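Remarks on the structure that follows.
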């Protein structure tokens, strides 16, 4: 995160149907894990992009040393953070899906109210 950037408020799926209340122009983040080479991926869907806007995705490898040598496996496991900005008032959702080898494994939805 840049020094001149405001601190992100972390949101997460504790249980389906969680409600988070935010103000306009608030930076929020959601942390995730993926391991593409074994088929684990995470995706998100925003219900109303006039209320919540995706800004960027930051990722880092959990085992970068395994990326150095051909034939080593498991090196692409990574943790990541999605960053969003609240750009308008109203109610929207952030749905997060865990995908395993192309099949939906689980999905949770956070209801976001921006006042």
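In this note's numbering, the protein residues as written are 9 to 123. Cβ atoms here follow ideal geometry from the backbone N, Cα and C, with glycine treated the same way. On a predicted model such as this, the values are computed, not experimentally measured, just so you know.
Given this structure, state the Cα-to-Cα distance separating residue 59 from residue 48, to the nearest angstrom. Distance between the alpha carbons of residue 59 and residue 48 is about 29 Å.
Under the three-state reduction of DSSP, which class applies to residue 105: helix, strand or coil? Looking at residue 105 - three-state DSSP - the assignment turns out to be strand.
Could you spell out the range, first to last residue, of the beta strand (DSSP E) harbouring residue 88? Boundaries of the beta strand (DSSP E) around residue 88: 85 to 94.
Is the CB-CB distance between residue 26 and residue 118 below 8 Å? Contact: yes.
What's the C-alpha gap between residue 40 and residue 31? Going by the C-alpha atoms only, they are around 23 Å apart.
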